Amino acid sequence: MSRVGKMPVAVPKGVEVAITAEQITVKGSNGTLTRALDPRVALKSEGGQISFAPADASTAADAMSGTMRALVANMINGVGKGFEKKLSLVGVGFRAQAQGQKLSLQIGFSHPVVKDMPANVKVATPTQTEIVISGPDRQVVGQIAAEVRAFRPPEPYKGKGIRYAGERVVLKETKKK
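For the sequence shown, counting from 1, position 167 maps to 1661 in the numbering used here; every step adds exactly one.
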């Protein structure tokens, strides 16, 4: 059995979990998340904990029990605390500005790049060179951060571009004559 799938998920106070035959819904202070259940995984909710078990003895059911446990744990963590990704802009004249649900980037192109945010994702710019993307769904927050980074990934010679906070870019040596 999956080692991850064996561990139950604790449901903190302020988070409600509703399990039906085909989906699980988690409500909290940061919103509501819903996910379809896999028929190869059996869920039990008892005493403020959710436990996962494979429905049969197949390897796929065993692997899926660990996956479902991790996904539900992320849902519970997301509606309770939330997730955030920080990006930083490195380059002369690179600026970011959050305007409601839009992120406007000036990153060396002849025009500003505008990225619309989904409904449950918030974007903030504490400074002109920092971007904070936050929301309850870990996958969506990570995907939006990756899409913003893809507009201008860090280049290997000067390191200019958009990078994750704390990301280390290894610079190449320039060509010698």
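Heads up, the beta-carbon is just placed ideally off N, CA and C, and yes, glycines get one too.
The model shown is predicted, which means the values in this text are computed figures rather than measured ones.
7 Å CB neighbourhood of residue i in its chain, flanking five on each side removed
i: I1513; result: L1537, S1539
i: A1530; result: E1516, Q1517
i: G1522; result: G1508, V1509, V1573, G1574
i: A1618; result: A1592, V1626
i: L1527; result: V1520, M1569, G1572, V1573, P1630, D1631
Proximity of residue i and residue j at Cβ, strictly below 9 Å
i: T1623; j: S1598; result: no
i: I1638; j: I1627; result: yes
i: A1659; j: K1580; result: yes
Nearest residue (CA-CA) to residue i, options the options
i: M1558; options: V1498, K1654, K1596, G1541; result: V1498
i: F1603; options: G1585, G1525, T1619; result: G1585
i: G1541; options: A1554, V1511, S1552; result: V1511
i: V1505; options: D1532, I1544, P1533; result: I1544
i: V1607; options: K1579, T1621, G1576, A1644; result: A1644
i: V1566; options: K1671, E1578, M1501; result: M1501
i: D1532; options: E1641, V1663, R1646, M1562; result: M1562
Residues of its chain near residue i, where Cβ-Cβ distance is below 8 Å and the 5 sequence neighbours each way are ignored
i: K1666; result: P1650, Y1651
i: V1634; result: P1612, N1614, V1615
i: A1554; result: R1534
i: K1669; result: none
Residue i: first and last residue of the uninterrupted alpha helix (DSSP H) it sits in
i: A1549; result: First-last for A1549: undefined, no H or E at that position.
Boundaries of the beta strand (DSSP E) in which residue i is found, first to last residue
i: V1617; result: 1616-1618
i: G1525; result: 1525-1530
Beta-carbon proximity list for residue i, same chain, < 6 Å, skipping 5 on both sides
i: G1576; result: N1524, S1628, P1630
i: Q1600; result: R1589, P1606
i: P1648; result: G1655, R1657, V1663
Give the list of continuous beta strand (DSSP E) stretches no shorter than 3 residues that lie fully inside the segment 1606-1647. Counting whole runs of 3 or more residues, the segment 1606-1647 contains the beta strand (DSSP E) stretches 1607-1610, 1616-1618, 1624-1629.
Beta strand (DSSP E) runs contained entirely in the segment 1576-1608, provided each spans 3 or more residues: Correct list: 1577-1584, 1589-1593, 1596-1600.
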